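In terms of full-length UniProt numbering, the sequence shown opens at residue 1 and continues consecutively.
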Amino acid sequence: MRAVRLTHWGGPPVITEVERPEPRSEEVLVRVEAAGLCGSDLHVIAAAPGALPYLTPFTLGHEIAGRVAGSGPDATGPPTGERVVVYGPWGCGRCGHCSTGAENYCDRRPALDAVRAGTGAGLGRDGGLADFVLVPSGRLLLPVGDLAPTQAAPLSDAGLTAYHAITGIRQALDEAGGGAGGASVAVIGVGGLGHLAIQILRATTSAQVFAVDIRDDAIALADDCGAHFGTLVRPDTADVLRKRSGDAGVDAVLDFVGTSATLRLGVSALRAGGQLTLVGSGGGELTVRKPGALPPGLRMSLPFWGTRPDLERVIALARSGAVRVETKQFPLSRAPEAIDTLRSGAVRGRAVLIP
Ligand code: NAD
Ligand code: ZN
Ligand code: ZN
Numbered sequence: 001m002r003a004v005r006l007t008h009w010g011g012p013p014v015i016t017e018v019e020r021p022e023p024r025s026e027e028v029l030v031r032v033e034a035a036g037l038c039g040s041d042l043h044v045i046a047a048a049p050g051a052l053p054y055l056t057p058f059t060l061g062h063e064i065a066g067r068v069a070g071s072g073p074d075a076t077g078p079p080t081g082e083r084v085v086v087y088g089p090w091g092c093g094r095c096g097h098c099s100t101g102a103e104n105y106c107d108r109r110p111a112l113d114a115v116r117a118g119t120g121a122g123l124g125r126d127g128g129l130a131d132f133v134l135v136p137s138g139r140l141l142l143p144v145g146d147l148a149p150t151q152a153a154p155l156s157d158a159g160l161t162a163y164h165a166i167t168g169i170r171q172a173l174d175e176a177g178g179g180a181g182g183a184s185v186a187v188i189g190v191g192g193l194g195h196l197a198i199q200i201l202r203a204t205t206s207a208q209v210f211a212v213d214i215r216d217d218a219i220a221l222a223d224d225c226g227a228h229f230g231t232l233v234r235p236d237t238a239d240v241l242r243k244r245s246g247d248a249g250v251d252a253v254l255d256f257v258g259t260s261a262t263l264r265l266g267v268s269a270l271r272a273g274g275q276l277t278l279v280g281s282g283g284g285e286l287t288v289r290k291p292g293a294l295p296p297g298l299r300m301s302l303p304f305w306g307t308r309p310d311l312e313r314v315i316a317l318a319r320s321g322a323v324r325v326e327t328k329q330f331p332l333s334r335a336p337e338a339i340d341t342l343r344s345g346a347v348r349g350r351a352v353l354i355p
């Protein structure tokens with residue numbers, strides 16, 4: 001079978017022929033029907049040797065939809081033929097967090113990293129940019145019914161991570177909702193994650209949604225996704241966002257970029273007591289100090305991916321039609337071109353590869 005493999009840090013990834021894996025014991029083999037490309041794939045490919053706790057080579061691709069193609073003798077979960085998405089963060093499956101479905105926060109992660117066990121599909125373990133992917137357990141598969149695979153795949157990270165990040169700001173939005181103009185939230189970065197965050201915010205909150213990006217096309221996409229207002233990053237963007245929120249500042253910022261510049265923009269636009277949620281892996285820094293310039297009462301969170309129950313809810317939103325992924329599709333054989341296109345900023349929504 002074909003697989004897009006990261007053979008050494010810095011890349012480029014290469015399409016190679018590898019043996020189709022055989023499911024043993026609890027493992028399940030999934031025939032891939034679509035796999036999304038994430039901004040994180042660019043960070044993983046570009047990582048310096050030793051920066052991530054993964055061993056090369058491995059197959060990329062952590063947003064996977066397909067059909068169950070076979071199971072080991074002890075496997076549980078969806079039967080052969082069922083259409084599924086792969087829940088991507090693979091934890092120990094047994095600790096306190098994993099047993100509630102929050103494998104993204106597995107208590108044994110440091111121990112798993114110490115033995116280079118990988119964070120999940122396509123992140124140190126063989127992922128879904130391939131004809132087939134081997135999943136360690138049926139507990140990591142969720143049925144998607146008649147959702148198209150190109151819609152289902154991006155839900156498992158772009159949709160799930162956005163949903164989980166929004167779960168973390170619900171309290172801040174609820175507390176503010178009673179105020180004069182209602183609650184407001186700024187979404188910084190309207191790419192794969194951001195365009196779904198805007199739709200999830202519109203579908204599940206009554207907040208005013210403001211979008212910020214550096215590309216005109218992303219602002220147009222934000223508008224299509226239901227943002228109340230969108231703006232390119234300019235020197236006065238924080239003031240513009242404050243004015244839009246009735247001068248006090250926005251109640252929450254979802255930063256899907258994470259550079260020092262976007263973190264500064266986020267805290268400058270925030271209201272006292274507001275919540276800054278950092279999702280983007282841009283490597284930026286923010287100094288926390290008292291006394292200092294951060295808004296009083298600032299709450300901060302660093303969500304990572306999402307839980308299995310969150311993924312069930314995102315799938316339900318997509319099946320109801322409340323969330324629709326904007327996709328740019330490529331055949332798997334053109335994976336290198338798709339990766340270059342994402343890197344150049346020319347993807348509207350999510351790039352999705354089809355084997
Ligand atoms: P993407 O490339 O699809 O989207 C990024 C968007 O940010 C683009 O629209 C781009 O134009 C915009 N942007 C870039 N620089 C900007 C700036 N200075 N100001 C405003 N907008 C800017 O990427 P994605 O797949 O949506 O991922 C976004 C980030 O989230 C990446 O850093 C990725 O690694 C990270 N991520 C984190 C998690 C997590 O669990 N925390 C999960 C998935 C992705
Ligand atoms: Zn990702
Ligand atoms: Zn665990």
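Ideal Cβ placement from N, Cα and C applies to all residues, glycine included. Small disclaimer: the values here were computed from a predicted structure and weren't measured.
Among 279, 101, 152 and 7, the one whose alpha carbon lies nearest that of residue 40: Nearest C-alpha to residue 40: 279.
Measure from the C-beta of residue 130 to each C-beta in chain B and report whether the shortest distance is under 8 Å. Note that chain B does not occur in the displayed structure, where there is just one protein chain.
Proximal residues to residue 262 (C-beta, below 6 Å), its chain only, five neighbours per side dropped: Closer than 6 Å at the Cβ level, and outside the excluded window around residue 262, lie 188 and 255.
Coil, strand or helix - residue 175 by DSSP: It is helical.
If you count every other CB in all the chains shown that lies within 10 Å of the CB of residue 288, and 16 or more means buried, which is it? Around the beta-carbon of residue 288, fewer than 16 other beta-carbon atoms lie within 10 Å, marking it exposed.
Quick one: what's got a C-beta closer than 7 Å to residue 193's C-beta in the same chain, skipping five residues either side? Cβ neighbours of residue 193 within its own chain (closer than 7 Å, five residues either side excluded): 158, 161, 162, 256 and 279.
State the CB to CB distance for the pair residue 156 and residue 63, rounded to an integer number of angstroms; the pair is presumed to be in contact (CB under 8 Å). Between residue 156 and residue 63, the beta carbon gap of about 5 Å places them in contact (Cβ cut-off 8 Å).
Residue 331 by DSSP, collapsed to three states: which one? It is a strand residue.
Any heavy atom of ligand 2 closer than 7 Å to the beta-carbon of residue 40? Within the cutoff, so yes.
Which residues in the same chain have their Cβ closer than 8 Å to the Cβ of residue 258, if we skip the five residues on either side of it in sequence? So the qualifying residues of the chain are 278, 279, 280, 281, 282, 283 and 284.
Just to confirm, does residue 308 get its C-beta within under 7 Å of one of the non-hydrogen atoms of ligand 3? Not under cutoff, so the answer is no.
State the start and end residues of the unbroken alpha helix (DSSP H) segment that holds residue 311. Taken as a continuous stretch (DSSP letters only), the alpha helix (DSSP H) holding residue 311 covers 308-320.
Report, in whole angstroms, the separation of the C-beta atoms of residue 223 and residue 348, which I expect to be a contact under 8 Å. That belief does not hold up - the Cβ atoms of residue 223 and residue 348 are roughly 12 Å apart, past 8 Å.
Does the contact criterion of 3 or more C-beta pairs under 8 Å hold for the segment 130-144 versus the segment 164-173? At 8 Å Cβ cutoff, the stretches do not touch.
Is residue 277 near ligand 1, judged by its Cβ being under 7 Å from some heavy atom? For ligand 1, not one heavy atom lies less than 7 Å from the Cβ of residue 277.
To which residues of the same chain is residue 343 closer than 7 Å at the C-beta, ignoring the five residues directly before and after it? Counting only residues of its own chain and dropping the five nearest sequence neighbours on each side, residue 343 has a CB closer than 7 Å to the CB of 42.
Length-filtered (4 minimum) alpha helix (DSSP H) runs lying within the segment 134-165: With a minimum length of 4 residues, the continuous alpha helix (DSSP H) runs that stay inside the segment 134-165 are 149-154.
Spell out the partners DSSP gives residue 184 in its beta bridges. In the DSSP output, where bridge partners are listed per residue, residue 184 has 208.
Using a 10 Å radius around the Cβ and a threshold of 16 neighbouring Cβ atoms, would you call residue 251 buried or exposed? Around the beta carbon of residue 251, a 10 Å sphere encloses 16 or more other beta carbons of the protein chains shown; the residue is thus reported as buried.
Flag this pair as touching only if the segment 77-93 and the segment 55-69 have three or more C-beta atom pairs under 8 Å; answer yes or no. Judged by pairs of C-beta atoms under 8 Å, the segment 77-93 touches the segment 55-69, as three or more such pairs exist.
Sort 190, 89, 296 and 121 by Cα distance to residue 106 and report the nearest one. Of the listed residues, the one whose Cα sits closest to residue 106 is 89.
What residue from 5, 352 and 164 has the CA that sits closest to residue 302's CA? Looking at 5, 352 and 164, the one whose alpha-carbon comes closest to that of residue 302 is 164.
Do the segment 7-23 and the segment 323-343 make contact, defined as three or more Cβ pairs closer than 8 Å? The answer is yes - the segment 323-343 touches the segment 7-23, with three or more Cβ pairs under 8 Å.
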